[in-house]
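Trainee:
Numbering (the UniProt record's numbering), first residue to last: 1 to 327.
1) Out of 135, 128, 120 and 95, state which residue places its alpha-carbon closest to the alpha-carbon of residue 112.
2) With respect to the beta strand (DSSP E) encompassing residue 161, which residues constitute its N-terminal and C-terminal limits?
3) Could you check the C-alpha separation between residue 227 and residue 137 for me, to the nearest Å?
4) Quick check on DSSP: helix, strand or coil for residue 62?
5) Got a sec, what are the start and stop residues for the beta strand (DSSP E) residue 246 sits in?
6) Within the same chain, show all residues whose beta-carbon is closer than 6 Å to that of residue 301, passing over the 5 residues directly before and after it, in chain order.
7) If we call anything under 8 Å between Cβ atoms a contact, is residue 260 one with residue 276?
8) Return the first residue and the last residue of the beta strand (DSSP E) that residue 140 is part of.
9) Would you identify the three-state DSSP class for residue 224, choosing helix, strand or coil?
10) Starting from residue 87, trace the beta strand (DSSP E) in both directions and tell me its first and last residue.
11) If I follow the unbroken beta strand (DSSP E) through residue 268, where does it start and stop?
12) Once DSSP output is grouped into helix, strand and coil, what is the label at residue 381?
13) DSSP three-state label for residue 183, please.
14) Looking at C-alpha atoms only, which residue of 47, 51 and 81 is the closest neighbour of residue 63?
15) Out of 88, 71, 169 and 116, which one is the CA nearest neighbour of residue 97?
16) Decide yes or no for the touch test of the region 146-162 against the region 121-128: beta carbon pairs closer than 8 Å, at least 3 of them.
17) Taking residue 132 as part of the beta strand (DSSP E), name the residues at either end of that continuous run.
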């Protein structure tokens, strides 16, 4: 197999994996073929450098003060022959030169071996992998906008970790008596961390750094999974896909527990809270439905029916539901 390398003057250079060599020939006729180097292990790409091949920067706006751009200055073939650009997911402001400080609206996605950030500020929706270490089977995640940290569970490592979005400060905050932590939620007001565990069949809470840990609910849980919080009203909601499956509510201290939905459920996985409109949304991977109800379980409605292969998690942003399916 050959890999084309570069041109220098009238000569074309390339590498050959089978010959393990660097070769050259005339770029005009293909003649004067010769072996430049042989015996090197698996030569890959090759580039030619010469002062004669370097582009001249005179006249390029990007050559002077980065074109006035706050981040990237990209040369263009059309007038004014350059444009300012921003890092992936960051919006360019109206002055066409300055980038926003960062993405204002994002989706965070757990993909077993990694966590990804998807900006909703730009139309490309490009996903960016967070530079984290050692993920084995990330399941649930949540974000603390106060400190800018993402929290996630890993049911193969049996722990809960956190880090800043740039990958720094990665640390484990809960490491003991964790089996299958399938649900996670951050109380941004009281600065607490809630999680469900389908192995211990518990719902627990701790400070965001993992201290002051407390079991809130340990009875009557079969397979607790998704959990969402409503700190201003003092409630937490969770799904349980055991038999019988149900959706429950309790105060954030574990008291006033109540079953909200217990009929026509299979595997209620995802859960989302619309505090503004006072509705609870859930996804069922067995019935392939997304449904909603009022926060007391009344006024139950089917939003999507038999159109989703296996919904595992979803979230709500304004009027839009973002859904994650597993095939």
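Heads up, the beta-carbon is just placed ideally off N, CA and C, and yes, glycines get one too.
Mentor: In brief:
1) 135
2) 159-164
3) 19 Å
4) helix
5) 246-251
6) 292
7) no
8) 138-144
9) strand
10) Careful: residue 87 lies outside any beta strand (DSSP E) and carries neither H nor E.
11) 268-274
12) Nothing can be reported for residue 381, as the shown portion of the chain is limited to 1 through 327.
13) strand
14) 81
15) 71
16) no
17) Unbroken run through residue 132: none, as it is neither H nor E.
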